[in-house]
Amino acid sequence: MILLIETITRRYLGRQSDIDTIGWPSTVDRDERGRAILRYQLGPLLDPTDPPASGRLHALTIGLRRRVVELLAVRIDLLADAPTITPLAPFLAARLRLPWVTGVALLDEQPVVVLDLRRLAADLALGLRLNHTEEAL
78 MILLIETITR RYLGRQSDID TIGWPSTVDR DERGRAILRY QLGPLLDPTD PPASGRLHAL
138 TIGLRRRVVE LLAVRIDLLA DAPTITPLAP FLAARLRLPW VTGVALLDEQ PVVVLDLRRL
198 AADLALGLRL NHTEEAL
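Just so we're aligned, residue 78 is where the sequence shown starts under my numbering, counting upward by one.
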């Protein structure tokens with residue numbers, strides 16, 4: 078199943094199988110197993126021109142071995158009909174600095190990037206910081 082993830086100005090796609098739970102962000106700093114919970118707004122994380130959202134956000138929760146990562150978005154929907162996803166060409170994929178983009182799909186005749194959400198969460202849990210987010214984090 079494919080998720081449509083909306084930020085203030087962008088739309089992304091991701092595999093539901095990458096996510097452990099979808100819901101509201103947690104209000105605690107550690108989960109029931111004592112793992113630290115890290116929270117990131119997906120919009121500003123991926124695009125410095127995408128402003129931080131305010132109000133009620135939704136969380137894509139990904140549990141890793143030592144941490145839990147919550148990726149926050151304005152809206153998350155499960156697509157009834159999965160779009161046709163075109164994988165990135167090997168030439169392009171090999172030149173990406175961060176390998177979170179796995180393909181592209183057309184939604185409403187607009188290209189939408191497909192993200193590897195589990196890989197993104199793992200990189201964030203390891204302390205990866207993007208240049209444009211260092212001040213915000």
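Don't be surprised by glycine CBs; every beta carbon is placed ideally from N, CA and C.
Predicted, not measured: the structure shown is a model, and the values here were computed from it.
Rounded to the nearest angstrom, how far is the Cβ of residue i from that of residue j, given a contact under 8 Å?
i: alanine 150; j: leucine 197; result: Actually they are not in contact, since the Cβ atoms of alanine 150 and leucine 197 sit about 12 Å apart, beyond 8 Å.
i: arginine 133; j: alanine 113; result: With 8 Å as the limit, arginine 133 and alanine 113 do not qualify as a contact, their Cβ atoms being about 23 Å apart.
i: tryptophan 177; j: leucine 192; result: 5 Å
i: alanine 166; j: leucine 90; result: Not really, about 18 Å apart at Cβ, beyond 8 Å.
i: arginine 172; j: aspartate 127; result: Contact doesn't hold; Cβ gap of about 23 Å is too wide.
Among the options, which has the Cα closest to the Cα of residue i?
i: leucine 137; options: Ala130, Val146, Pro129; result: Val146
i: glycine 180; options: Phe168, Asp158, Pro164; result: Pro164
i: arginine 195; options: Ile139, Trp101, Ser103; result: Ile139
i: aspartate 95; options: Ala199, Leu203, Gly204; result: Ala199
i: leucine 184; options: Trp101, Ala157, Val105, Ser131; result: Ala157
i: aspartate 108; options: Leu123, Pro125, Arg88, Leu141; result: Leu141
i: alanine 170; options: Ala159, Glu186, Val190, Thr161; result: Val190
i: leucine 175; options: Gly111, Leu122, Gln187; result: Leu122
Less than 7 Å between C-beta atoms, sequence neighbours within five positions excluded: which residues of the same chain meet that for residue i?
i: leucine 155; result: Met78, Leu80, Gln93
i: proline 102; result: Arg116, Leu134, Ala136, Glu147, Leu149
i: glutamine 187; result: none
What is the DSSP secondary structure of residue i, counted as helix, strand or coil?
i: leucine 201; result: helix
i: arginine 196; result: helix
i: threonine 210; result: With a pLDDT of only 47 at threonine 210, under the threshold of 50, the placement of this residue in the model should not be trusted, and no figure is reported.
Give me, in chain order, the residues of the same chain whose beta-carbon lies closer than 8 Å to that of residue i; leave out the 5 immediate sequence neighbours on both sides.
i: isoleucine 153; result: Leu80, Leu81, Ile82, Glu83, Ile99, His135, Leu137
i: alanine 130; result: Thr84, Ile85, Gln118, Gly120, Leu149, Ala150, Val151
i: leucine 115; result: Arg144, Val145, Val146, Glu147, Leu201, Ala202
i: valine 106; result: One detail in the question is off: residue 106 reads as aspartate in this sequence, not valine. Contacts found: Ala113, Ile114.
Less than 7 Å separating the Cβ of residue i from some heavy atom of the ligand GDP?
i: glycine 120; result: With respect to small molecules bound, the structure shown includes none, and the ligand GDP cannot be examined in it.
Given residue i, which residues of its chain have a CB within under 6 Å of its CB, disregarding the five upstream and five downstream residues?
i: isoleucine 162; result: Gly180, Ala182, Val191
### Message
What ranges does the beta strand (DSSP E) occupy inside the region 110-181, keeping only unbroken runs of at least 3 residues that lie completely in it?
### Response
113-118, 135-140, 144-150, 152-155, 162-164
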